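> Quick one: the structure is below, and I'll ask about it shortly.
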Amino acid sequence: MGENKTFPSVFGNKEVIEVISGVFECKDGALAREVTLKAGWTIKHQIENWLSGKATVDSKGRPIVEFFFKLNGVLQYVKKRGAERRPASCSRH
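Convert by adding 3 to the 1-based position in the sequence shown; the result is the number in the working numbering.
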């Protein structure tokens with residue numbers, strides 16, 4: 004995405020995020036420096052598993068491949084897409 008943003012020390016609406024130490028700053032779409040955050044995320048266990056390198060799945064069992072913050076500070080994740088399906092073809096003989 005290549006976006007730059009510095010978040011305030013407290014942000015978020017439904018899930019409030021607080022910066023405990025450091026500065027939550029993104030440059031060119033990546034975290035610019037180490038930061039410690041405090042939040043009441045509903046997906047806490049998935050985040051912990053992913054950060055520790057464990058296989059991580061969503062509530063429906065689909066593999067999670069990435070976590071990221073949207074520009075408004077909402078934490079999102081990307082699921083691994085299912086197997087590619089090819090349309091059936093019919094031919095007349």
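Glycine residues also receive a C-beta, built at the ideal position from the N, C-alpha and C atoms. Here the structure is a predicted model, which means the values were calculated and not measured.
I50 lies in the alpha helix (DSSP H); which residues open and close that run?
K47 to L54 is the extent of the alpha helix (DSSP H) around I50.
> When the distance is taken between beta carbons, is A42 closer than 8 Å to E69?
Going by C-beta atoms, E69 is not nearer than 8 Å to A42.
> Tell me the rounded alpha-carbon separation between F27 and F72.
One C-alpha to the other measures close to 11 Å.
> DSSP three-state label for F14, please.
Three-state result, F14: strand.
> Closest by CA to A35, which one among T9, Y80 and I23?
When only C-alpha atoms are compared, the closest one is T9.
> Taking only the alpha-carbon atoms, compute the straight-line gap between G25 and E6 and give it to the nearest angstrom.
Looking at the two C-alpha atoms, the distance is approximately 19 Å.
> Does DSSP classify A58 as helix, strand or coil?
Residue state, collapsed to three classes: coil.
> Would you tell me roughly how many angstroms separate the C-alpha atoms of N52 and P66, rounded to the nearest one?
Straight-line Cα distance between these residues: approximately 12 Å.
> Got a sec, what are the start and stop residues for the beta strand (DSSP E) E69 sits in?
Unbroken beta strand (DSSP E) run through E69: I67 to F72.
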